[in-house]
Amino acid sequence: QQQVKQSPQSLIVQKGGISIINCAYENTAFDYFPWYQQFPGKGPALLIAIRPDVSEKKEGRFTISFNKSAKQFSLHIMDSQPGDSATYFCAASRGSYIPTFGRGTSLIVHP
Amino acid sequence: GAVVSQHPSWVICKSGTSVKIECRSLDFQATTMFWYRQFPKQSLMLMATSNEGSKATYEQGVEKDKFLINHASLTLSTLTVTSAHPEDSSFYICSADWDRSYEQYFGPGTRLTVT
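Below, the structure is given as structure tokens:
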């Protein structure tokens, strides 16, 4: 049973555009929702994370929107750049327990 | 801060041999270390969780006799792939958390190719 569903599987965006990746979860006990960025041949790196007590968190060009009632959260990348081309994973965890990862989204930003 | 290293970054070995991968937390003492496996264009698959000085907890379907995990100190965990076969070829990634925080810090990964 996949507890965190991520979409789309792949995304192509023009430079300067907005990239949007969505995730939905099932376990209402989850209380930490991080996004990871992974470049080819590298390990994932924490990009931004949110807790369910806020509906939005912004760090630079990256924003997480969180909808607790719908059990959904999304990553928005504003002014997308070719250097943002990577695979993005959403995740969800309960307390300090091991996170459950989404299947990943391969983002390509065309120059 | 919170840097995790892995060694080697890539390794090629012959079928039937064993390979050891090291995972180190460089600037913090890790409460727990995790080992993941990742196939091309797929998500991370948790293999096992280890705490210093205790036996690793393996996920269902992961052969503990094949993937030996040793967590000798608060900064070092090793994964040994025993009697490796081509189907063990994969990208192995470790991660560590600190003081049971919510965040996991990932290593750069190790590419294993078994010929």
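As they're listed, the protein sequences go chains A and B.
Take 284 as the starting number for the first sequence in the numbering used here and just add one per residue.
Take 12 as the starting number for the second sequence in the numbering used here and just add one per residue.
The beta carbon of each residue, even a glycine, is placed where N, CA and C say it ideally should be.
Contact note: Pro382(A) reaches chain B through Gln115, using a C-beta cutoff of 8 angstroms and chain order. Where Tyr371(A) is concerned, the enclosing beta strand (DSSP E) starts and stops at 369-375.
In this structure Val15(B) does not touch Tyr113(B) by the C-beta definition: roughly 16 angstroms separates them, more than the 8 angstroms allowed. Secondary structure of Asp76(B) (DSSP, three-state): coil. Between Thr370(A) and Ser357(A), the beta carbon gap of about 16 angstroms keeps them out of contact (Cβ cut-off 8 angstroms). For Pro291(A), the secondary structure class from DSSP, reduced to helix, strand or coil, is coil. Here Pro97(B) carries a helix assignment [DSSP, helix/strand/coil]. Its chain contains Ser29, Asp76, Lys77, Phe78, Leu79 as the residues whose beta carbon lies nearer than 8 angstroms to that of Thr93(B), once the 5 sequence neighbours on both sides are disregarded; these appear in chain order. Arg344(A) sits close to Ser363(A), with the two beta carbons spaced by under 9 angstroms. Identification of chain B residues near Ala328(A) by a Cβ-Cβ cut-off of 8 angstroms yields Phe117, ordered along the chain. Using beta-carbon distances, Ser106(B) counts as an interface residue toward chain A, with a partner under 9 angstroms. Under DSSP, Leu390(A) forms a beta bridge with Leu294(A), Ala369(A). Between Leu55(B) and Ala332(A), the alpha-carbon positions lie close to 18 angstroms from each other. Residues of the segment 361-377 of chain A with a Cβ closer than 7 angstroms to any Cβ of chain B, in chain order: Phe372, Ser376.
Note that the C-beta distance between Trp318(A) and Ile295(A) is not below 9 angstroms. Residues of chain A whose Cβ lies closer than 7 angstroms to the Cβ of Gly72(B) do not exist, since the nearest Cβ in that chain is about 15 angstroms away.
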